[in-house]
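Visitor:
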Amino acid sequence: SQELEQSPQSLIVQEGKNLTINCTSSKTLYGLYWYKQKYGEGLIFLMMLQKGGEEKSHEKITAKLDEKKQQSSLHITASQPSHAGIYLCGADIRSGGGADGLTFGKGTHLIIQP
Amino acid sequence: ETGVTQSPTHLIKTRGQQVTLRCSSQSGHNTVSWYQQALGQGPQFIFQYYREEENGRGNFPPRFSGLQFPNYSSELNVNALELDDSALYLCASSLDRGYEQYFGPGTRLTVT
């Protein structure tokens, strides 16, 4: 089973609507990262969350890490075509020191319909 | 623009051959990690180098090896290529261990 589960797998949203993507782990998340990826390209860093209950925002994107540090959500307000792509959550779930690299979910494919 | 570059962009190799992929980290970043991303999957951690020494390794066989150099460049070497090695290979640099990782654009490797 996947150590980091993302939902939904894909999402089609009308332009201007809000949406939420979830990332869940059965283990404690020592550092939760959200990235965006255009098909076949590198990952663009969005936000990093470390403390339980932490919330960060950048432009129209808000990410939260729950108090137990096992679930994170990414919320996009008033979606635009530029938000389309694959959203990946990555986390350090093993040691807390990053030496084992990040574990990633499979990603959420976001399509924005005009 | 992350300041992390990778070369080449695309590469086609034959099964059994060897390949070297290159990455140039952001200046001042002493940690580099390499990931393999198969189609439709999230990246899988291969290994991490910290100050030119291997600092951690994922579930990849020894034919995947790496080097990190003092000038913030690094290499991923894969010997005895197999068809399943076809993937997008990503490097990511970070200021130090445990800091946010900035990814390069990736190298698309196709093994035939």
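Keeping their order, the protein sequence lines are chains Y and V. Using this note's numbering, you'd call the opening residue of the first sequence number 49 and step up by one each time. Using this note's numbering, you'd call the opening residue of the second sequence number 5 and step up by one each time. Just so you know, even glycine gets a beta-carbon here, dropped at the ideal spot from N, CA and C. Keep in mind it's a predicted model, so treat the numbers as computed, not measured.
Quick one: any contact between the region 81 to 91 of chain V and the region 71 to 80 of chain Y, if contact means 3 or more CB pairs under 8 Å?
Guide: With a cut-off of 8 Å, the region 71 to 80 of chain Y and the region 81 to 91 of chain V do not count as touching, because too few Cβ pairs lie within range.
Visitor: At which residues does the beta strand (DSSP E) containing F49/V begin and terminate?
Guide: First-last of the beta strand (DSSP E) with F49/V: Q48 to Y54.
Visitor: Buried or exposed: which applies to H131/Y, given that a residue is buried once 16 or more other Cβ atoms fall within 10 Å of its Cβ?
Guide: Buried, because 16 or more other Cβ atoms sit within 10 Å of the Cβ of H131/Y.
Visitor: Determine the burial state of Q57/Y: buried for a count of at least 16 other Cβ atoms within 10 Å of its Cβ, exposed for fewer.
Guide: Q57/Y comes out exposed.
Visitor: Answer yes or no: does any C-beta atom of chain Y fall closer than 9 Å to that of F68/V?
Guide: Answer no: the Cβ-Cβ gap between F68/V and chain Y never drops below 9 Å.
Visitor: Whose Cβ in chain Y lies nearer than 7 Å to the Cβ of E104/V?
Guide: Under the 7 Å cutoff, chain Y gives Y81, F93 and M96.
Visitor: So, for G133/Y: in the same chain, excluding its five sequence neighbours on each side, which residues have a beta-carbon less than 7 Å away from its beta-carbon?
Guide: The answer, listed in chain order, is K84, Q85, K86 and L158.
Visitor: Kindly list the residues whose CB is nearer than 7 Å to the CB of E115/Y, restricted to its own chain and excluding five residues on each side of it in sequence; keep chain order.
Guide: Closer than 7 Å at the Cβ level, and outside the excluded window around E115/Y, lie G100 and G101.
Visitor: Just by C-beta distance, which residues in the region 47 to 77 of chain V are closer than 7 Å to chain Y?
Guide: Cβ contacts with chain Y: P47, F49, Q52, N59, G60 and G62.
Visitor: How many angstroms separate the CA atom of Q118/Y from the CA atom of N70/Y?
Guide: Approximately 11 Å, taken between the alpha carbons.
Visitor: Cβ of R112/V less than 9 Å from any chain Y Cβ?
Guide: True, the Cβ-Cβ gap to chain Y drops below 9 Å.
Visitor: Quick one: is S37/V near chain Y, going by C-beta distance under 9 Å?
Guide: For S37/V, the answer is yes, since a Cβ of chain Y falls inside 9 Å of its Cβ.
Visitor: Report yes or no: is there a C-beta of chain V within less than 9 Å of the C-beta of K104/Y?
Guide: Chain V, which has no Cβ nearer than 9 Å to the Cβ of K104/Y, makes this no.
Visitor: From the DSSP secondary-structure annotation, give me the bridge partner or partners of F152/Y.
Guide: Its beta-bridge partners are G138/Y.
Visitor: Closer than 7 Å by C-beta to G60/V: which residues in its own chain qualify, once you throw out the five before and the five after it? Chain order, please.
Guide: Taken in chain order, the residues that qualify are F51 and Q52.
Visitor: List, in chain order, every chain V residue whose beta-carbon is nearer than 7 Å to that of K154/Y.
Guide: Neighbours of K154/Y on chain V, chain order: Q45 and G46.
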